[in-house]
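Residues in the sequence shown are numbered from 119 upward in steps of one, following the working numbering.
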Amino acid sequence: MCNKKPVFKAINLSCYYGQGRKRFAALDSATFTVNEGEILSIVGESGSGKSTLAQVLLQLQPIHRGHLQFMGENLPAKKEYWKLVQMVFQNPYAAFNQFFTIKKQLNESFNLFPKRPSAQETSQLINEALRMVSLDPSEISSKYPFECSGGQMQRLLLARIFLIKPAVLIADEPTSMIDACSRHSILDCLLSLKRELNMTILFITHDIGFAAKISNRMVVLRRGKIVEQGTTEQILHNPQKCYTKQLMEHASGLRKTVERSIVKV
Ligand SMILES: Nc1ncnc2c1ncn2[C@@H]1O[C@H](COP(=O)(O)OP(=O)(O)O)[C@@H](O)[C@H]1O
Ligand SMILES: [Mg+2]
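See the structure below:
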């Protein structure tokens, strides 16, 4: 893992909101790297700055202090960059137009391609992507977003990622609006994106239990500052900060995950 190229290298990255006396750092001097092909989790309670960090990495919020490199260089222009770095959000309904069918909207993903594939190829690629996220193309393609469940919509967002095949995916709380069963299937989809496409994934969550299930490394964020970072095993077995221990107390299914990893060791 260590000899892999860093995809992101962030040094003292800061982002402020508000003016004058109300100005505050939502992201405060964050230094970390994200390596090629890894799943890195950003973990912290609500309001800790996770989404701000995601938005800074996507160039949706400015960098007020510090520096960010992408693939060893300064950040490319946004249009080029967004072909390489994509994001899935907490609310999948907001990412789809309610008035168009799923198939039509997945078809639009090909607009990001340098050359649009033929109609037959696009149909085949859409069907493959839907199967990758365990959706039945014949059942879902002609539906409208409002006819789909939250779990199906989250999987559709990931089907779009299978189509676009960005180098990096930033997934901001992709499991927080869905039921427990759908949550596990989303984690499986993220793992197959890494396995099949060697995608680099930033998984953002308030639940360190979910982070533990899929990530190699974790960054723990509190009030905009990184309080702790390390491999998932280091953090689970030897958390250094009370805050991390508190997150662990409130996590889903963490005891089982820790026991399993103790058995592995
Ligand atoms: N656009 C914004 N303008 C002003 N304050 C914001 C904005 N977005 C987030 N904040 C504030 O910044 C802090 C971090 O928010 P956020 O990054 O959304 O945290 P998280 O995703 O961990 O819940 C919070 O105090 C939040 O209220
Ligand atoms: Mg958030």
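Every residue gets a Cβ at the ideal spot worked out from N, C-alpha and C, and that includes glycine.
Identify whether residue i lies in helix, strand or coil by the three-state DSSP scheme.
| i | result |
| --- | --- |
| V383 | For V383, the predicted model reports a pLDDT of 35, less than 50, meaning its position is unreliable; a value from the coordinates is still stated below. In this structure, V383 counts as coil in the three-state DSSP scheme. |
| M119 | Unreliable placement is indicated for M119, whose pLDDT of 49 sits below 50; the coordinate value is still reported in the next sentence. Looking at M119 - three-state DSSP - the assignment turns out to be coil, as it is neither helix nor strand. |
| C133 | strand |
| A212 | helix |
| Q204 | strand |
| V125 | strand |
| H185 | strand |
| L339 | strand |
| L372 | helix |
| G138 | helix |
| F231 | coil |
For the beta strand (DSSP E) holding residue i, just list the boundary residues, first then last.
| i | result |
| --- | --- |
| E346 | 343-349 |
| V152 | 142-153 |
| S159 | 157-161 |
Quick one: is the Cβ of residue i within less than 8 Å of any heavy atom of ligand 1?
| i | result |
| --- | --- |
| H324 | yes |
| S166 | yes |
| G327 | no |
| G348 | no |
| L171 | yes |
| D146 | no |
| L339 | yes |
| Y361 | no |
| G138 | no |
For the alpha helix (DSSP H) containing residue i, name the first residue and the last one.
| i | result |
| --- | --- |
| I319 | Note, I319: premise wrong, no alpha helix (DSSP H); beta strand (DSSP E) at 318-323. |
| V286 | Taken as a continuous stretch (DSSP letters only), V286 belongs to no alpha helix (DSSP H), being part of the beta strand (DSSP E) at 286-290. |
| M366 | 360-367 |
| I306 | The question names Ile, yet the displayed sequence has Asp at residue 306. Element bounds for D306: 298-315. |
| A277 | 268-282 |
| V174 | 168-175 |
| A329 | 326-332 |
| T240 | 237-250 |
| E191 | No alpha helix (DSSP H) contains E191, which DSSP labels as neither H nor E. |
| N225 | 220-226 |
| E257 | 255-258 |
Does the distance between the C-beta of residue i and the nearest non-hydrogen atom of ligand 2 fall short of 8 Å?
| i | result |
| --- | --- |
| Q179 | no |
| E163 | no |
| D254 | no |
| Q208 | yes |
| D297 | no |
| S236 | no |
| D306 | no |
| S159 | no |
Do you know offhand how far residue i's Cα is from residue j's?
| i | j | result |
| --- | --- | --- |
| V345 | G162 | 10 Å |
| Y134 | K196 | 21 Å |
| M366 | S241 | 44 Å |
| F126 | L178 | 16 Å |
| V337 | T323 | 11 Å |
| Y199 | L175 | 10 Å |
| M119 | E156 | Here the model assigns M119 a pLDDT of 49, short of 50, so the residue's position is not dependable, and the following value carries that caveat. Roughly 8 Å between the two C-alpha positions. |
| Q187 | N130 | 12 Å |
Indicate whether residue i and residue j have their beta-carbon atoms separated by less than 9 Å.
| i | j | result |
| --- | --- | --- |
| S300 | M250 | no |
| G348 | G167 | no |
| I288 | A172 | yes |
| Q272 | I304 | yes |
| L315 | V152 | no |
| Q204 | I258 | no |
Examine ligand 4 and report whether any of its heavy atoms sits within less than 8 Å of the Cβ of residue i.
| i | result |
| --- | --- |
| G342 | Absent from the structure shown: ligand 4. Ligands present: ligand 1 and ligand 2. |
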